[in-house]
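One structure below.
In the numbering used here, the protein residues as written are 1 to 140.
Take a look at the structure:
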């Protein structure tokens, strides 16, 4: 996976939206990596599937147990904690970015697939924005 495409994606997702999260946050980078990896699944309305190795490689992180635990903790963070999203009607929605996830059991090599369901408002914001054009642009 091309990290340049990811960096472009990251900047477009968080700089052009009204989502109120610190863009330098490690947890946010993990969430963005999940969205980037699952961009086709988002368009199809499906759960996003990925493995921790894909995220680690995409972000250029070291291959260590510590790294994998940080990635897992970031996923748990977005399941447990809230994010704020400004809606078009001048309202604010507070929601969990990750509604549900399935963690594989006994994944000692971190290669088994995780499943993540993202919040419906976050999914809609991605689909209704220019992110679709970015997805197409990245594929070329």
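A virtual CB, placed ideally from N, CA and C, is assigned to each residue, including glycine.
Collapsing the DSSP output to three states places residue 74 in a helix. With a cut-off of 8 angstroms on Cβ pairs, the region 81-95 is not in contact with the region 39-47, counting fewer than three such pairs. 8 angstroms or more divides the Cβ of residue 110 from the Cβ of residue 27. For the pair residue 98 and residue 79, the CB atoms are nearer than the 8 angstroms cut-off.
In the DSSP assignment, residue 83 forms a beta bridge with 95. Counting the other Cβ atoms within 10 Å of the Cβ of residue 103 gives fewer than 16, which makes it exposed. In its chain, beyond the 5 residues on either side, 115 and 117 have a beta carbon closer than 6 angstroms to the beta carbon of residue 47. Taking a C-beta distance under 8 angstroms as the contact criterion, residue 113 and residue 25 do not qualify as a contact pair. Here residue 75 is actually not in contact with residue 56; their C-beta atoms are around 13 angstroms apart, not less than 8 angstroms. When secondary structure is reduced to three states using DSSP, residue 7 falls in the helix class.
Each of 96, 88 and 29 was checked against the Cα of residue 58, and the nearest Cα belongs to 29.
Judged by DSSP in its simplified three-state form, residue 108 adopts coil rather than helix or strand.
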